[in-house]
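Colleague: Okay, here's the structure, questions in a sec.
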Amino acid sequence: MNSFSWDELVTEMSDRCPVLFNALLVAMRRSKKEVNDVGPCIGMCYAILMQTRNNELSLVQGFNTVLMTNGGAKKQLYVQCQKMGFSLSHTSKINMLDLIGGHFSDKLFEEVRCGKKIQGTGGNWDMKIHAQDMLSTNRNTDLQYFVSNLIIERVPSENLSNVSPQLNISSLHNTAFLIDSNKANKLRDDIKVVVGRALLQKIPDLSFLRHVIPNHIAHPYKTEMSKKSIIVPLPMMMKDEKEDEDVVHILDGYEQHLENIFVKADVIKKPVEDTNSKAPPIIGRESASADQAKAHFNNDDENDYMKKISVPFGRGTR
99 MNSFSWDELV TEMSDRCPVL FNALLVAMRR SKKEVNDVGP CIGMCYAILM
149 QTRNNELSLV QGFNTVLMTN GGAKKQLYVQ CQKMGFSLSH TSKINMLDLI
199 GGHFSDKLFE EVRCGKKIQG TGGNWDMKIH AQDMLSTNRN TDLQYFVSNL
249 IIERVPSENL SNVSPQLNIS SLHNTAFLID SNKANKLRDD IKVVVGRALL
299 QKIPDLSFLR HVIPNHIAHP YKTEMSKKSI IVPLPMMMKD EKEDEDVVHI
349 LDGYEQHLEN IFVKADVIKK PVEDTNSKAP PIIGRESASA DQAKAHFNND
399 DENDYMKKIS VPFGRGTR
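In terms of the numbering used here, the sequence shown opens at residue 99 and continues consecutively.
In structure tokens form, the structure reads like this:
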């Protein structure tokens with residue numbers, strides 16, 4: 099579906115069903131040179147006929163179902179379009195979305211396998227359901243969901259040093275942390291561009307100066323930053339970040355998702371669990387309750403296969 103093309107579908111029809119292809123062109127009063135103008139129309143007719151012959155031939159119907167879902171179509175519209183062979187049923191829509199959602203992380207696996215680092219964001223998504231008739235047993239309901247995303251970094255950070263400089267602050271000259279004249283001039287020019295953009299946005303009468311303001315500010319990572327950001331949604335959790343117990347479950351969910359990502363990316367190997375071995379002690383040597391989540395890090399466990407995995411998470415903006 100990701101590489102779907104009407105031209106390929108029309109080419110398939112002209113090769114396998116030339117008589118039908120020519121008949122549709124005649125019905126549309128089009129020549130073969132004008133087939134590109136009516137490609138989607140011919141392809142849709144071909145798709146409806148093929149699905150009628152075999153229900154498994156429903157690529158175009160699935161494509162239309164996704165478009166209808168993106169447009170917020172109601173259930174009744176799916177029922178009517180499915181009868182005409184234009185789309186799949188409402189139940190099939192749910193199954194298709196589950197199938198598509200199962201491949202959200204494919205690109206993430208590839209990037210992590212190539213050495214890219216990831217970071218995440220998360221935050222509450224609050225919903226309020228208003229009761230139509232307020233009763234003692236029927237009141238407004240507040241729902242708290244927790245949503246998270248993983249973001250693949252575009253600018254590598256492996257070349258940055260993690261060693262803190264060991265210098266005496268009393269003898270440290272300010273040139274060690276102040277920018278030089280060349281960088282100061284570059285920063286001043288960049289600020290001029292930002293101020294110019296703000297003026298054009300707030301004062302429409304200055305639009306005649308738009309050609310003077312650069313579209314992009316030159317910097318060493320121009321190529322990397324021009325690439326499209328890859329954001330992968332994580333499964334939504336019915337948890338509230340304001341509750342300590344839910345926070346533990348959220349962290350446990352993060353741990354399980356990250357383990358799955360790095361294992362499938364062949365970065366780490368998950369050892370086979372030994373049912374006869376004893377579980378490592380919890381931090382503080384305190385026993386955990388039976389229903390407590392497993393989001394614990396044991397500093398004493400040298401065999402922890404995820405010990406070198408570190409993914410920072412931040413608070414998502416609303």
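Just so you know, even glycine gets a beta-carbon here, dropped at the ideal spot from N, CA and C.
#1: Excluding the 5 residues preceding and the 5 following E384 in the sequence, name in chain order all residues of the same chain whose CB lies nearer than 8 Å to its CB.
#2: For K325 and E251, I'd like the C-alpha separation in whole angstroms.
#3: What does the alpha-carbon distance come out to for the pair L241 and K337?
#4: Please classify T163: does DSSP put it in a helix, a strand, or coil?
#5: Would you call the segment 201–219 and the segment 351–367 touching, i.e. three or more CB-CB distances under 8 Å?
#6: Measuring straight from C-alpha to C-alpha, what distance separates L175 and E154?
#7: Going by the beta-carbon positions, is the gap between V253 and M323 smaller than 8 Å?
#8: Under the three-state reduction of DSSP, which class applies to G141: helix, strand or coil?
#9: Between which two residues does the alpha helix (DSSP H) carrying G169 extend?
#10: Please report how far the alpha carbon of L233 lies from the alpha carbon of T239, in whole angstroms.
#11: Where does the unbroken alpha helix (DSSP H) through P116 begin, and where does it stop?
#12: Which of the three DSSP states, helix, strand or coil, is assigned to Q180?
#13: Let's test the definition: count the other Cβ atoms within 10 Å of the Cβ of Q159 and tell me whether it reaches 16, buried, or not, exposed.
#14: For the 8 Å Cβ check, are there 3 or more pairs between the segment 179–194 and the segment 340–350?
#15: Inspect the beta-carbon positions of F184 and V330 and report whether they are closer than 8 Å.
#16: If you follow the beta strand (DSSP E) that D243 is part of, which residue opens it and which one closes it?
#17: State buried or exposed for A145, treating a residue as buried only when at least 16 other CB atoms are found within 10 Å of its CB.
#18: Quick one: what's got a C-beta closer than 8 Å to L285's C-beta in the same chain, skipping five residues either side?
#19: With a threshold of 16 other CB atoms inside 10 Å of the CB of F275, please say whether the residue is buried or exposed.
#20: Run through DSSP, which three-state label would R413 get?
Modeller: A quick look at the data gives this:
#1: With a pLDDT of only 48 at E384, under 50, the local geometry of the prediction cannot be trusted, and no value is derived from it.
#2: 11 Å
#3: 9 Å
#4: helix
#5: yes
#6: In this structure, the straight-line span from the alpha carbon of L175 to that of E154 is close to 22 Å.
#7: yes
#8: helix
#9: Neither: G169 is in no alpha helix (DSSP H) and is coded neither H nor E.
#10: L233 and T239: Cα-Cα distance of roughly 12 Å.
#11: P116 to A125
#12: Helix.
#13: buried
#14: With the cut-off at 8 Å, the segment 179–194 and the segment 340–350 do not touch.
#15: no
#16: It is Tyr, not Asp, that sits at residue 243 in the sequence shown. From DSSP, the beta strand (DSSP E) with Y243 extends over T239 to I250.
#17: It is buried - the Cβ of A145 has at least 16 other Cβ atoms within 10 Å.
#18: I277
#19: For F275, the number of other beta carbons within 10 angstroms of its own is below 16, and it is reported as exposed.
#20: Strand.
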